[in-house]
Ligand code: EPZ
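Residue numbers (the numbering used here): 158 to 582.
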């Protein structure tokens, strides 16, 4: 298992380019199944989850190729609608394949993706949305089989603005007969990116970014080229790391309109931020001020995916802050590790009370999930002394060589890969 070794206490400085968004690329790669022919995607980040999705598409018979941050997916030769259990278990986002495979083949079989460190991760809204479009769903032994002789547009209301359910329903409805109106839809920028990609292939989708998305079914979709939006969570992680180390950095290839809620919180903490076009500049030269209340909630509210990172900043603030996590029930796994580094944080069910301390101290800590791991890296960068972050494969799922990103900003961090033990003779 790789580790990161960090010598903390150095203010970050310099400029970095933010890579493409994992949570836009994954559904768009799944949606490429809908066009018979080669789809060319640019600005696709080099991440573990992207490699797993390419592996699944290849197992379904697609021709896939990657050249740097460009990916080509040709699904004209896809010959299977069955997602293998071993690959489903590698990445729960394989669930995004249900909608496109059902639309393309009239059937799909997947396995219950199961929960993960951050929560139960149910898929009931995905399944009820596909049923509403005409799918017959059978579940047995963890396998879920869907079939639909025909998909018919209808009205669907989500009990909660689920990102994945919104995306699966959009991808199933684009080739359905008639019009689908999805209400209480998720409004994330990644949903807008999926709409733009589907329309680039010849679909007729409107409303993404609002709570009502309308999909007029079309007969056929065509191959296209498309560029994935920048990753707002990677950008936010870098901004928070700069503030936590009292550094000053510039981000390029970002979209500051996707980070309004984070910029608002950082300004409340006394951090200077300037944003124009695709550039964001942050100066965290002073000790941050406490922020009395942050509540995570679906976009455009404060994102759950930046909750653990901003908690590190507030653990160093002057005063007491409160964070309430309302999206995932298990998203405080980083707290115990931060307390071991000297933070003063208490958790009451889904609310964390963070009493700022003057400094954190290096320690050996363990990443439990993607964003908790990123938070521990930020803590190590800010702490006095040496921090070792273990189980960093969680981090590699969503950050392209995080150590190189921070090293290019002046951090002292390197990846330690244990030597393979020689096979016993
Ligand atoms: C997406 O997950 C993102 N993943 C997550 O990012 C992100 O945290 C989340 O949206 C919220 O923004 C990808 O896009 C690949 P949800 P998703 O459906 O679609 C419950 C990261 O770190 N729910 O909006 O799974 C669910 O249990 C990852 O990059 C149901 O109850 O999120 C959760 O509590 C982590 N039934 C809440 O809704 C359903 O059918 C939000 O889930 C679906 C969801």
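Idealized CB from N, CA, C, for every residue including glycine. In this text, all values refer to a predicted model and were calculated from it rather than measured experimentally.
Which stretch, first to last residue, makes up the alpha helix (DSSP H) that contains residue 207? That run of the alpha helix (DSSP H) goes 205-216.
In terms of residue numbering, what span does the beta strand (DSSP E) encompassing residue 307 cover? Per DSSP, residue 307 belongs to no beta strand (DSSP E) and is neither H nor E.
Beta-carbon proximity of residue 532 to residue 169, cut-off 8 Å: no
Which residues in the same chain have their Cβ closer than 8 Å to the Cβ of residue 249, if we skip the five residues on either side of it in sequence? 270, 271, 273, 278
Keeping to the same chain, check which residues put their C-beta closer than 7 Å to that of residue 218; ignore five residues upstream and five downstream. 234, 235, 236, 237
Residue 257, buried or exposed, once every other Cβ within 10 Å from all chains shown has been counted against 16: buried
Give me, in chain order, the residues of the same chain whose beta-carbon lies closer than 6 Å to that of residue 528; leave out the 5 immediate sequence neighbours on both sides. 462, 465
CB of residue 179 to nearest heavy atom of the ligand SAH: below 7 Å? Only the ligand EPZ can be found as ligands here, which leaves the ligand SAH out of the picture.
Rounded to whole angstroms, what's the CA-CA distance from residue 349 to residue 365? Just pull it up for me. Spanning the two alpha carbons is a distance of roughly 5 Å.
Please give me, in chain order, every unbroken run of the beta strand (DSSP E) with length at least 3 that falls completely inside the stretch 369-456. 369-373, 382-384, 405-409, 429-433, 436-440
Per the DSSP calculation, residue 273 is bridged to which residue(s)? 276, per the DSSP bridge assignment.
Which class does residue 236 belong to by DSSP, given the choice of helix, strand or coil? coil
Beta strand (DSSP E) containing residue 171: first to last residue? 170-174
I'd like to know whether the C-beta atoms of residue 392 and residue 437 end up nearer to each other than 8 Å. yes
Which residue or residues does DSSP assign as beta-bridge partners of residue 220? 231
Tell whether a beta-carbon distance below 8 Å holds between residue 371 and residue 336. Note that the C-beta distance between residue 371 and residue 336 is below 8 Å.
Residue 390 to residue 563, Cα distance in whole Å? 15 Å
Just to confirm my understanding: we take residue 221, look at its own chain, exclude 5 residues before and 5 after, and list those with CB closer than 6 Å. What are they? 211, 214, 215, 230
Exposed or buried, what is residue 554 when buried is set at 16 or more other beta-carbons lying within 10 Å of its beta-carbon? buried
Strictly by DSSP, which residues pair up with residue 518? Residue 518 has 541 as its beta-bridge partners, per DSSP.
What would DSSP say about residue 576, mapped onto helix, strand or coil? It is coil, neither helix nor strand.
Return the residue from the list 473, 297, 412 that minimises the CA-CA distance to residue 267. 297
Kindly identify the DSSP beta-bridge partner or partners of residue 503. 510
Please report the straight-line C-alpha distance between residue 384 and residue 435, rounded to a whole angstrom. 15 Å
Quick one: is the Cβ of residue 572 within less than 7 Å of any heavy atom of the ligand EPZ? no
Report the rounded CA-to-CA distance for residue 478 versus residue 557, giving the unit in angstroms. 31 Å
Just to confirm the assignment, what range does the beta strand (DSSP E) spanning residue 198 have? 195-199
If contacts are defined as beta-carbon pairs under 8 Å, then residue 486 and residue 276 qualify, I think. What distance do you get, rounded to the angstrom? In this structure residue 486 is in contact with residue 276, their Cβ atoms being roughly 5 Å apart against a cut-off of 8 Å.
Same chain only: Cβ atoms within 7 Å of residue 260, ignoring 5 sequence neighbours per side: 191, 308, 328, 329, 331, 332
Taking the C-alpha atoms as reference points, what is the distance between residue 158 and residue 293? 42 Å
In this structure, how does DSSP classify residue 333 when only helix, strand and coil are distinguished? coil
So what's residue 569 in DSSP terms, helix, strand or just coil? strand
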